[in-house]
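Written out as structure tokens, the structure reads:
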């Protein structure tokens, strides 16, 4: 059953980046840290802007990451109103989330540094 | 930590699935609205914007699914899905469900009930630290060849002095007593205990204090008592002000000093007492002088000194027997005793030894019942799966996966077993209560108390459910191996082997049913023999009314021929419907006894001293019980107090004292009376018990002998309702004519006899229940098998009928199959039953284990059952229309 999502996930553009498992969490945390409390739509829009549409992301795919982060206690969601007076669930980084972001960023830097190093040696 | 946190929020999400789902829907809706707003801002029409939003969002349902996977346990949800699916599947075959659930409910229910008893009576230890140091003391008296676990107080005191063997010792004796609550008499169970009793068993009070050594030191100095927790609740409404109140027990005022904790058990796990009083008041309450060596009945448990083994303790007590003897007055009833110990980690042994064998036999029987039930489940599931071969084949062909199919079928078994288990739980509670009620029915001296133990019930259910699940495992596995190619072509891939296994299961069921039925036959036969024992008198239509003296302490003293009783008797004899009535004491079969030595005063007498059972009987007693007088005369009105003392003796006594002589006119001393003249002779009569051997009995004239209370035997002209009316009227007469007396107990003599064989009745009842259950389950199995065979062989029957087979031939075709199985089961079961029956030999009354009547009855019953079970579906086969049957496939 867990395979369902992957097999049916659209693979429209080859050049778009398919997101790495776990990376999305870091991106969401980072977005919330820089933007402050934000609803899912806001996060999705922001991701698209920043990645300049390079990131292939169905907006719905954001939700599993949000659930995961909320269950880990890194973000907390509350219902509120948008500027356009629509209701939406706003997610904010918790204290634990801020610490986790620090750790994850550090780890990401290590990993990407390592990969970068390997790639540059290869070529 | 983190994974733990996630685990719990997932668990939370799982149980609050609805809430999380609503939340998600709301959030997605909000998201889509925001998206659509955006598109509208870019100039789209609202409808267009909504569609664009959905597109941009991606698959809504798919996102939901991902969300769900993320937030909760997939496997758990799948399991629930399987269970829901199983329930839907089962709902389509209600008959199958009913039979499967009911057979499991019975199979598991009887196991839980019997195991509750086994645990409480045979397995449970006393709730004290180090129960294995607790021993029960007994006296072996070689001269008399008896073992007694009751001692006189002087003996108890000597035993307690053996501090080199025992760290401490507790003495106790129980008695039925009358508690006076605001003038209303209530029957209670009283236990008199030594001062060491409560500390010995680690008792703690719920209120006030418990009894201690000081209460028990000086005879009669401390008339105090302690209530049990339930008695405090029942008789005093849990009133905390009972402390210091004075209550009357057997007319004696006792001050309440405390209430025992609700968990206090004492020396016996299966017996509950209402009130405890110090042994030092035994003389006042039970008229037994504490310091006299002639009154026994005090039981004792001891705690061995650390480091002293049971064997060492036994040897040391045996060695000390001589010294104990020397410290006691000469010529006491236990003179020459050798003192012994045995393990009492499970408490004082009142029933354990006697119930040990019956309980193990019952345990064996219920295990068989469970196995038959499980075989039934397996069999039914096999047959049902067989019929669903096509369904499975289609599912497999559509790619459902064998593992998935197996899981679905297993889920069905799980639903069935748990359904059966839930029903079994209720059944077992009811059955336990019923069994205890049956065991304790009417008999005030028996008070078996068993509380269901939650942990034991859980273990029992666990084992039973596991057995049932294993029984369901094979059919599910078998079905998951269905070969779609063959099944879709109308053949069965579960074919031959499935059929063989089903036959073997039926064979096993029949074999076990034979054993169960045969056992039932033995116990029923034994009970019939007990019921047919000649008691020496006619107990039909005889009512026994027990009269107790009431009021102050003086009233518990023996009196001779009180006028009030004479007046009662005169009025009772006048009642319509009363054929005759007479007083006696103690009533025969009542459990009471008066035993003492008698001496002959004639020079001819020989031997000098014979232990004799005494009975006091008034005029008309022999006629009321229809005891034939062999020689001499009955008591008459001339046998008054102060006149010549007279007695009627039985042949057994006469032949022991005056062998070869005419006993009429001879004299003897006994029961503290001198020079009693024998005026009559009777044959054998039972005194206390239906199984007892002939014993010497002397009947003294009721009016000439001091006595406490009385039993009134009334022979009525009619049964039932007539007796109920007479009982009411007698109660009225006693109230108005003899205010110093009260009716404490009324019972028909038939009921009293039944109580004496309560254990045999219980065994016969249970054995029959289990026999019937096992047989019924086996027959259901046969029915299922034949019924299935009829369906499967429809085409064959069609061919046979079309070539001229008669309905009889068709029926016989299927009956033969059933009879073969039953006969084979008998061949296996009968030898097994005969071997097992030897374990029951000690419990049977004049029935041999190889009881030919039992064998005949078992075999014919099963044969008939097997025929009937097969006949119903076989008849259906005769209605098969050959044309349709042949066109069928």
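Protein chains in written order, with our numbering: chain A, 137 to 259; chain B, 33 to 921. Backbone N, C-alpha and C fix where the C-beta goes; we use that ideal spot for every residue, glycine too. The structure displayed is predicted, hence computed values, not measured ones.
Query raised in the report: Can you find a C-beta in chain A that's less than 9 Å from the C-beta of residue 90 of chain B?
Result: yes
Report task. Please look up how many angstroms separate the CB atoms of residue 749 of chain B and residue 652 of chain B, rounded, as I've assumed it's under 8 Å. Result -> That pair is no contact at about 15 Å.
Requested in this report: Look up residue 358 of chain B in the DSSP assignment and say whether it is helix, strand or coil.
Outcome: helix
Query raised in the report: Which residue comes first and which comes last in the beta strand (DSSP E) that contains residue 219 of chain A?
Result: No beta strand (DSSP E) holds residue 219 of chain A; DSSP gives it neither H nor E.
Report task. Starting from residue 390 of chain B, follow the alpha helix (DSSP H) in both directions and report where the run begins and ends. Result -> 384-419
Query raised in the report: What does residue 69 of chain B touch in chain A if you count any residue whose Cβ is under 8 Å from its own?
Result: 220 and 222
Query raised in the report: Who are the near neighbours of residue 476 of chain B in its chain, counting only those whose CB is closer than 8 Å to its CB and skipping five residues on each side?
Result: Reliability fails at residue 476 of chain B, whose pLDDT of 46 lies under 50, so the model's placement of it is uncertain and the value that follows must be treated cautiously. Excluding positions up to five away in sequence, the list reads 208, 219 and 777.
Query raised in the report: Are residue 562 of chain B and residue 807 of chain B closer than 9 Å when you measure CB to CB?
Result: no
Query raised in the report: Of the residues that make up the region 52-85 of chain B, which ones have a beta carbon closer than 7 Å to any beta carbon in chain A?
Result: 59, 62, 63, 65, 66, 67 and 69
Report task. Give the residues from the region 170-190 of chain A that approach chain B closer than 9 Å (Cβ to any Cβ), ordered along the chain. Result -> Against chain B - using a Cβ distance shorter than 9 Å - the residues of the region 170-190 of chain A are 175, 176, 177, 178, 180 and 181.
Query raised in the report: If you compare alpha carbons, which of B:710, B:798, B:784 and B:66 is closest to residue 575 of chain B?
Result: Check the Cα spacing between residue 575 of chain B and each of B:710, B:798, B:784 and B:66: the tightest is with B:784.
Query raised in the report: With 9 Å set as the bound, which would you pick, yes or no: does the beta-carbon of residue 225 of chain A sit closer than that to a beta-carbon of chain B?
Result: yes
**Report entry** Host beta strand (DSSP E) of residue 308 of chain B (start-end)
**Finding:** 307-310
Requested in this report: Find the nearest neighbour of residue 817 of chain B within the set B:306, B:534, B:152 and B:222, judged by alpha-carbon distance.
Outcome: B:534
Query raised in the report: Can you tell me the Cα-Cα spacing of residue 775 of chain B and residue 591 of chain B, whole angstroms?
Result: Spanning the two alpha carbons is a distance of roughly 17 Å.
Query raised in the report: Apart from the five residues on each side of it in sequence, which residues of its chain come closer than 6 Å, Cβ to Cβ, to residue 734 of chain B?
Result: 615, 648, 649 and 650
Query raised in the report: Would you say the region 675-685 of chain B touches the region 749-768 of chain B, given that touching needs at least three Cβ pairs under 8 Å?
Result: no
Query raised in the report: Would you call the CB atoms of residue 512 of chain B and residue 484 of chain B closer than 9 Å?
Result: no
Query raised in the report: Applying a beta-carbon distance threshold of less than 7 Å, which residues of chain B neighbour residue 167 of chain A?
Result: Near residue 167 of chain A there are no residues of chain B at all, since even the closest Cβ is about 16 Å away, more than 7 Å.
Requested in this report: Report yes or no: is there a C-beta of chain B within less than 9 Å of the C-beta of residue 197 of chain A?
Outcome: yes
Query raised in the report: Within 9 Å (strictly less), CB to CB, does residue 224 of chain B reach chain D?
Result: Of the protein chains in the structure, A and B, none is chain D.
Query raised in the report: If you draw a straight line from the alpha carbon of residue 671 of chain B to that of residue 714 of chain B, how long is it in whole angstroms?
Result: 18 Å
Query - Whole-Å CB distance - residue 212 of chain A paired with residue 218 of chain A, under 8 Å assumed - result: So it is not a contact: roughly 18 Å between Cβ atoms.
Query raised in the report: What is the rounded straight-line gap between the Cα of residue 805 of chain B and the Cα of residue 738 of chain B?
Result: 55 Å
Query - Length of the line joining the Cα atoms of residue 182 of chain B and residue 603 of chain B - result: 42 Å
Query raised in the report: Which one of B:755, B:766 and B:908 has the shortest CA to CA distance from residue 822 of chain B?
Result: B:908
Query raised in the report: Is it right to say residue 375 of chain B is buried, meaning 16 or more other beta carbons lie within 10 angstroms of its own, or is it exposed?
Result: exposed
**Report entry** Exposure of residue 237 of chain A, with buried meaning 16 or more beta-carbon neighbours within 10 Å
**Finding:** Burial is judged here by how many other beta carbons sit within 10 angstroms of a residue's own beta carbon; residue 237 of chain A has at least 16 and is buried.
Query raised in the report: Under a three-way DSSP split, which group does residue 585 of chain B fall into?
Result: Model confidence at residue 585 of chain B stands at a pLDDT of 47, short of 50, so the residue's coordinates are unreliable; what they give is reported in the following sentence. Residue 585 of chain B falls in the helix class under three-state DSSP.
Query raised in the report: Between residue 293 of chain B and residue 265 of chain B, what straight-line distance do the alpha-carbon atoms span, to the nearest angstrom?
Result: 12 Å
Query raised in the report: Just reading off the beta strand (DSSP E) that residue 285 of chain B is part of, what are its end residues?
Result: From DSSP, the beta strand (DSSP E) with residue 285 of chain B extends over 284-292.
Query raised in the report: Whose CA, out of B:572, B:620, B:705 and B:846, lies closest to the CA of residue 632 of chain B?
Result: B:705
Query raised in the report: Expressed to the nearest angstrom, what Euclidean distance is found between the alpha-carbon atoms of residue 268 of chain B and residue 491 of chain B?
Result: 38 Å
Query raised in the report: What three-state label does DSSP hand residue 241 of chain B in the structure shown?
Result: Residue 241 of chain B falls in the coil class under three-state DSSP.
Requested in this report: Buried or exposed for residue 273 of chain B, please, with buried defined as at least 16 other CB atoms from any protein chain shown within 10 angstroms of its CB.
Outcome: exposed
Query raised in the report: If you draw a straight line from the C-alpha of residue 173 of chain A to the C-alpha of residue 255 of chain A, how long is it?
Result: 37 Å
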